[in-house]
Amino acid sequence: MRTVRPFPPAPVLLLALAAACTEASAPTGVDEEPLSSLPAKSATAGVVTDDFDLLDPARWLPGDHALGRGRLAPANVSAAGGAAVLTLPAGRYDGAEIRSAARHGYGSYLARLRTPLAPGSISAFFLYQGVEGGNDEVDVEIHNDGSRRVIFTTWVAGKQTNSVTRTLPFDPAATFHDYRIEYQAGKVRFLVDGALMQQWTSKLPKNAMYVMTNAWWPIWLSGAPATADVSLRVDRIEY
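Under the working numbering, the residues of the sequence shown are numbered 2 to 240, in order.
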């Protein structure tokens, strides 16, 4: 059964702030035409690239809510070494998350990620509508267990409409790699290091969504907490 991801209110952020997926169900849903009101590219003019030399509180909000077996906490979000650092703290099933301050529509979304090694946890880069009730969503979810498994999914109004698991041709914890979501009217494509790994043309989201990334512990996976702090590192996000 899918875990409903609570969507937190925007936290109060101080200028000094440096630290502050979802579960499978049977695919369902009905094809719908994209809404004409959906932005053609993004709510932001041009291409936005964030290299995370610092964590801009006007652009990125840390998650602060329960998810899976633990809680996403602002204290687990920081920036260091030119990357956003989303930490899975030792001995706990807690994690970390950031989301964009605004929703964005059709366009291309890229995250350059290096995942932690923490079996039983997930690293994700995704688009999420964030409304009361069922949400539209597009997910890239990487298992943090060395298996190289990655899950691509779409959700419409809170129901999973497409899902597939692939095997990455590399160890995602060894170095940074590019994960791209191309969200278009009538098509969603997933590319890794520029290579197409999955495409769907039906049962797709149609709404503007937040750009998000997190590391967390789903209830549908097993594994002990990490014995030392480990982190999902986000070198760049562009959209």
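For glycine and all other residues, C-beta sits at the position ideal for the given N, C-alpha and C.
Range of the contiguous beta strand (DSSP E) that encloses residue i
i: ALA84; result: 84 to 89
i: ARG113; result: 108 to 115
i: LEU128; result: 123 to 129
i: PHE191; result: 188 to 193
i: TYR180; result: 178 to 185
Reference residue i, options the options, closest by Cα
i: PHE191; options: LEU128, PHE153, ALA216, ASN208; result: PHE153
i: ASP95; options: LEU233, ASP230, TRP217, SER223; result: TRP217
i: THR155; options: PRO63, VAL231, PHE126, ALA76; result: PHE126
i: LYS207; options: GLN185, ILE220, VAL193, TRP61; result: GLN185
i: LEU128; options: ASP137, VAL49, SER122; result: ASP137
i: LEU111; options: VAL132, ASP57, VAL139; result: VAL139
i: GLU183; options: PRO75, VAL193, ALA175, PHE177; result: VAL193
Distance, residue j Cα to residue i Cα
i: ILE99; j: GLU142; result: 15 Å
i: HIS66; j: GLY187; result: 33 Å
i: GLY134; j: PRO117; result: 32 Å
i: MET213; j: SER203; result: 23 Å
i: GLN200; j: ARG113; result: 20 Å
i: ILE220; j: LEU68; result: 9 Å
i: ALA84; j: ALA158; result: 33 Å
i: PRO173; j: SER232; result: 13 Å
i: PHE53; j: LEU205; result: 31 Å
In DSSP terms, what residue i is bridged to
i: THR50; result: GLU239
i: PHE153; result: VAL141, VAL165
i: ARG234; result: VAL86, ARG115
i: MET1; result: Outside the shown range of the chain (2 to 240) lies residue 1, about which nothing can therefore be said.
i: ASN136; result: DSSP, once it has assigned bridges, lists no residue as partnering ASN136.
Classification of residue i by the beta-carbon crowding that lies within 10 angstroms, buried from 16 upward
i: ASP51; result: buried
i: SER122; result: buried
i: SER223; result: exposed
i: LEU197; result: exposed
i: PRO55; result: The sequence shown places Leu at residue 55, not Pro. By the 10 Å Cβ count, LEU55 comes out exposed.
i: PHE171; result: exposed
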